[in-house]
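Step one of this worksheet: look at the structure below.
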Amino acid sequence: MLNQLKEMNPLIHCMTNMVVTTYTANGLLAIGSSPVMAYAKEEVQDMATAAGALLLNIGTPSVELTEAMILAGKAANKAGKPVILDPVGAGATAFRTDICHQILKEVDVSIVRGNAGEMAALVGMSGVVKGVDGSLDGDKQAVAKKVAEQYSCVAVLTGDVDTITDGERLYLVSNGHEWLTKVVGTGCLLGGVVAAFVSTVNKSDYAEAAAYAVSFYGAAAEKAYDKTKNQGYGSFAQDFIDQLGLLTENEAEQLRKVES
Amino acid sequence: MLNQLKEMNPLIHCMTNMVVTTYTANGLLAIGSSPVMAYAKEEVQDMATAAGALLLNIGTPSVELTEAMILAGKAANKAGKPVILDPVGAGATAFRTDICHQILKEVDVSIVRGNAGEMAALVGMSGVVKGVDGSLDGDKQAVAKKVAEQYSCVAVLTGDVDTITDGERLYLVSNGHEWLTKVVGTGCLLGGVVAAFVSTVNKSDYAEAAAYAVSFYGAAAEKAYDKTKNQGYGSFAQDFIDQLGLLTENEAEQLRKVES
Amino acid sequence: MLNQLKEMNPLIHCMTNMVVTTYTANGLLAIGSSPVMAYAKEEVQDMATAAGALLLNIGTPSVELTEAMILAGKAANKAGKPVILDPVGAGATAFRTDICHQILKEVDVSIVRGNAGEMAALVGMSGVVKGVDGSLDGDKQAVAKKVAEQYSCVAVLTGDVDTITDGERLYLVSNGHEWLTKVVGTGCLLGGVVAAFVSTVNKSDYAEAAAYAVSFYGAAAEKAYDKTKNQGYGSFAQDFIDQLGLLTENEAEQLRKVES
Chain A
1 MLNQLKEMNP LIHCMTNMVV TTYTANGLLA IGSSPVMAYA KEEVQDMATA AGALLLNIGT
61 PSVELTEAMI LAGKAANKAG KPVILDPVGA GATAFRTDIC HQILKEVDVS IVRGNAGEMA
121 ALVGMSGVVK GVDGSLDGDK QAVAKKVAEQ YSCVAVLTGD VDTITDGERL YLVSNGHEWL
181 TKVVGTGCLL GGVVAAFVST VNKSDYAEAA AYAVSFYGAA AEKAYDKTKN QGYGSFAQDF
241 IDQLGLLTEN EAEQLRKVES
Chain B
1 MLNQLKEMNP LIHCMTNMVV TTYTANGLLA IGSSPVMAYA KEEVQDMATA AGALLLNIGT
61 PSVELTEAMI LAGKAANKAG KPVILDPVGA GATAFRTDIC HQILKEVDVS IVRGNAGEMA
121 ALVGMSGVVK GVDGSLDGDK QAVAKKVAEQ YSCVAVLTGD VDTITDGERL YLVSNGHEWL
181 TKVVGTGCLL GGVVAAFVST VNKSDYAEAA AYAVSFYGAA AEKAYDKTKN QGYGSFAQDF
241 IDQLGLLTEN EAEQLRKVES
Chain C
1 MLNQLKEMNP LIHCMTNMVV TTYTANGLLA IGSSPVMAYA KEEVQDMATA AGALLLNIGT
61 PSVELTEAMI LAGKAANKAG KPVILDPVGA GATAFRTDIC HQILKEVDVS IVRGNAGEMA
121 ALVGMSGVVK GVDGSLDGDK QAVAKKVAEQ YSCVAVLTGD VDTITDGERL YLVSNGHEWL
181 TKVVGTGCLL GGVVAAFVST VNKSDYAEAA AYAVSFYGAA AEKAYDKTKN QGYGSFAQDF
241 IDQLGLLTEN EAEQLRKVES
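Residue numbers (full-length UniProt numbering), protein chains in the order written: chain A, 1 to 260; chain B, 1 to 260; chain C, 1 to 260.
Put into structure tokens, the structure is as follows:
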């Protein structure tokens with residue numbers, strides 16, 4: 001799947017938050033896709049139509065940006081391109097939860113990627129979200145399943161073990177490393193990487209492509225940790241970009257820890 | 001003080017400029033706090049109330065953002081949380097100086113962190129600010145004292161020697177390295193680090209916590225310079241994040257160069 | 001020319017896109033200039049007047065930002081300071097092409113820096129732009145010449161070989177490395193580096209200074225590649241900042257590959 005991505009070099013239209021733009025773009029370049037950021041309502045429809053996938057990340061939300069996201073999302077829908085929603089901080093403020101509901105109402109979202117607290121907030125299950133890193137007691141698989149069913153999408157609930165489901169198929173991914181939580185934007189970049197991989201397959205394969213993306217991403221993090229564990233978070237953040245570019249399809253296959 | 005910070009893992013609400021968001025977030029994660037960026041007037045009151053401290057950095061200012069900062073600042077005041085103002089470029093344009101005065105009038109600011117030129121601009125003392133790196137002849141301690149007294153706050157005036165005062169107590173910190181001036185956002189991140197440390201103490205200890213933060217920060221820079229002096233500014237920028245995560249309470253104590 | 005830049009330490013007013021602000025600032029600091037970002041219409045005239053050069057990069061455009069760019073550009077014109085336009089994604093959407101035309105109509109632009117597709121879009125020659133990385137069949141020199149003549153500016157058309165012309169003089173620069181295309185913002189930072197170098201010379205020498213800047217930049221990339229080719233794109237991105245700070249005037253002279 002990775003080789004196919006590199007060959008297709010898909011254009012990924014990112015409407016993401018202002019904290020993670022650079023890191024998202026560099027990660028997407030490293031894996032062999034072509035990121036473009038565009039936010040203005042005057043151009044997002046053109047860009048979303050031209051792109052292979054659209055990423056909507058509400059990490060630094062505003063009313064104006066939400067309107068532009070919905071315009072872009074509808075254009076992507078019309079063009080048959082996958083839309084990935086990252087509901088950063090849903091549940092942390094009512095404003096963010098409302099924006100997510102508005103987007104999910106107006107746009108046919110293909111994938112939702114969030115942590116347990118954010119995903120729970122989308123389906124009215126109580127959770128505690130601290131900043132953008134949520135934690136939740138209870139059954140993460142049940143939350144993911146509810147998101148998938150309620151919004152007819154693939155749910156990608158990330159945590160120690162990542163849960164991917166379309167409501168029927170279930171993938172549990174154990175790749176990754178906790179140092180990812182010490183670098184800002186790693187969750188957001190994962191949303192972009194998922195977008196890149198799903199842009200290369202048919203809709204019926206979105207769940208599998210998402211699981212592949214999450215495992216690939218986690219495997220790169222494991223390699224980065226092995227290399228930089230004696231250095232620190234700054235070195236890890238940089239080396240992770242190295243590894244996203246170096247990791248091969250074969251190696252990703254060998255490191256893959258996915259139950260389904 | 002560092003161990004307490006790591007244990008409390010405070011949420012720091014950053015309303016900072018668009019040049020330094022990533023670096024600020026990664027630095028705050030490294031020391032053990034939890035950064036969140038939120039700018040929209042619809043949510044900043046909720047976020048500031050939930051957070052342990054609020055950072056207002058006017059590095060890329062706008063009228064709309066100023067309004068949101070004042071809303072957030074008032075909410076933080078009401079919730080009894082410290083507000084840290086970083087008056088980036090005050091004195092460089094009238095617009096920035098005016099914004100600072102507006103914030104200082106409407107919000108009870110706990111800490112102001114700036115260079116000599118910026119601090120001088122806040123209290124009507126002439127200075128020359130070149131870009132965001134100001135220089136000033138005259139007595140920096142007098143300027144810091146005037147800021148502290150005029151705005152009933154702790155003044156953190158950074159430079160070769162950093163001056164911290166609440167108008168009565170005075171701390172002079174000699175930690176740090178000039179390579180910090182070759183990496184964008186190191187002053188801005190310091191504002192965030194000060195916010196994180198003061199969020200863990202009572203108001204009467206803000207000056208001492210700020211002095212601790214400035215010394216800790218400078219010590220991490222010294223370590224980063226020792227490690228990367230034969231490499232360059234890019235390596236220093238990254239290694240500094242490593243060191244912010246690696247520096248221990250004991251080591252910070254040993255490296256501490258604070259006169260009071 | 002580099003030594004002169006370091007001695008003058010010019011202030012470069014950057015109105016650039018939100019993806020590349022940090023990298024642009026760190027690159028400009030590394031070479032010895034002093035970057036400042038300012039976007040609000042209330043202050044851009046003051047900042048552009050005070051600065052040594054103004055960079056207008058439309059990578060994440062909006063109507064409001066365009067208005068501010070035109071205000072800043074006119075102020076720079078009035079103050080006799082060079083204006084550098086980076087038409088990111090011109091041709092990719094009508095919105096971006098229109099913004100460029102608007103700026104070029106209202107502001108006396110000194111330098112335009114873009115890839116082949118973007119430059120072609122500015123002068124109505126058909127091209128295909130994929131994301132922000134354009135490709136174009138046909139004669140790049142002809143496109144550059146047309147841009148230079150139509151807008152009475154220096155055209156800097158970057159690609160495998162970089163073409164710099166003011167319509168009469170022609171410089172072909174072979175420095176650089178393709179890994180630059182795997183790191184976001186390297187084209188944008190080049191616009192800033194060109195701004196820094198042209199700010200140190202008279203208008204009649206803009207073309208030569210731009211060619212010097214492009215060669216210097218490419219030489220630093222070659223050194224960074226030599227050092228990090230076994231590591232990856234993340235390491236290259238960081239080491240490139242190191243090399244921008246380390247490269248000396250003599251070394252740049254030795255590595256220089258410019259035909260004219």
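Backbone N, C-alpha and C define an ideal beta-carbon position, used for all residues, glycine too. Since the model is a prediction, treat every value here as computed from it, not as a measurement.
Within 8 Å, strictly: CB atoms of residue i and residue j
i: A210/B; j: I164/B; result: yes
i: A221/C; j: H177/C; result: yes
i: M159/A; j: N115/A; result: Note that residue 159/A corresponds to Gly in the displayed sequence, not to Met. Contact flag set, yes.
i: G59/B; j: G89/B; result: yes
i: Y233/C; j: A30/A; result: yes
i: V193/B; j: G27/B; result: yes
Beta-carbon proximity list for residue i, same chain, < 7 Å, skipping 5 on both sides
i: A40/B; result: A68
i: Y151/B; result: L104, V109, V112
i: V107/A; result: I70, G73, K74, N77, V83
i: D133/B; result: With a pLDDT of 44 at D133/B, under the threshold of 50, the predicted position of this residue should be treated as unreliable, though the coordinate-derived value follows. N115, T181.
For residue i, the nearest candidate out of the options (CA to CA)
i: V183/C; options: Q238/C, A79/C, I31/C; result: Q238/C
i: H101/C; options: A121/C, R113/C, T200/C; result: A121/C
i: P61/A; options: G159/B, L65/B, P61/B, G234/B; result: L65/B
i: R169/C; options: A219/C, G187/C, K81/C, Q141/C; result: Q141/C
i: K81/B; options: G245/B, Q254/B, K203/B, I241/B; result: K203/B
i: L85/C; options: A252/C, N250/C, V198/C; result: V198/C
i: T97/A; options: V63/B, D46/B, F95/B; result: D46/B
i: D242/C; options: W179/B, F95/B, C188/B; result: W179/B
i: F95/B; options: V63/B, A79/B, K78/B; result: V63/B
i: C188/A; options: E251/A, D139/A, N250/A, L157/A; result: L157/A
i: D205/B; options: K78/B, C153/B, A252/B, E106/B; result: C153/B
i: T181/B; options: D139/B, F236/B, A207/B; result: F236/B
i: G167/C; options: A207/C, D139/C, V161/C; result: A207/C
Residues near residue i in its chain [Cβ-Cβ closer than 6 Å; skip 5 each side]
i: S227/B; result: Checking the displayed sequence, the identity of residue 227/B turns out to be Lys instead of Ser. Around K227/B: D239.
i: A155/A; result: V112, A144, V147, A148, T165
i: R256/C; result: S215
i: G185/C; result: V20, Y23
i: A48/C; result: H13, L54, A72, A75, A76
i: N175/B; result: S215, G218, A219, K257
i: G245/B; result: A30
i: A79/A; result: T49
i: D162/A; result: V173, V214
i: K223/C; result: Q243
Nearest-angstrom beta carbon gap, residue j and residue i [assumed within contact, 8 Å]
i: N57/A; j: N17/A; result: 5 Å
i: E259/B; j: L172/B; result: 4 Å
i: P87/B; j: E118/B; result: 5 Å
i: A50/B; j: P35/B; result: Not confirmed; about 13 Å, so no contact.
Same chain, Cβ closer than 8 Å to residue i, five either side skipped, listed in chain order
i: T200/A; result: M1, Q4, L5, M8, P10, G52, A209
i: M15/B; result: M37, A38, Y39, V44, L54, L55, L56, N57, L65, A68, M69, A72
i: D137/A; result: Any reading at D137/A must be qualified, since the residue scores a pLDDT of 43, below 50, and its modelled position is unreliable; no value is offered.
i: T248/B; result: L2
i: Q254/A; result: none
Residue i CB to nearest heavy atom of the ligand NAD below 7 Å
i: A148/C; result: Looking for the ligand NAD in the displayed structure turns up nothing, as the structure carries no ligands at all.
Ordered list of beta strand (DSSP E) runs contained in the region 34–76 of chain B, each at least 3 residues: Runs of the beta strand (DSSP E) inside the region 34–76 of chain B: 34–37, 53–57.
Every unbroken alpha helix (DSSP H) within the region 145–226 of chain A, with a cutoff of 4 residues, ordered by chain: Taking 4 residues as the minimum length, the alpha helix (DSSP H) runs contained wholly in the region 145–226 of chain A are 186–198, in order along the chain.
Within the region 94–121 of chain A, ranges of the alpha helix (DSSP H) (whole runs, at least 4 residues): As for any alpha helix (DSSP H) of minimum length 4 sitting wholly inside the region 94–121 of chain A, the runs are 94–106, ordered along the chain.
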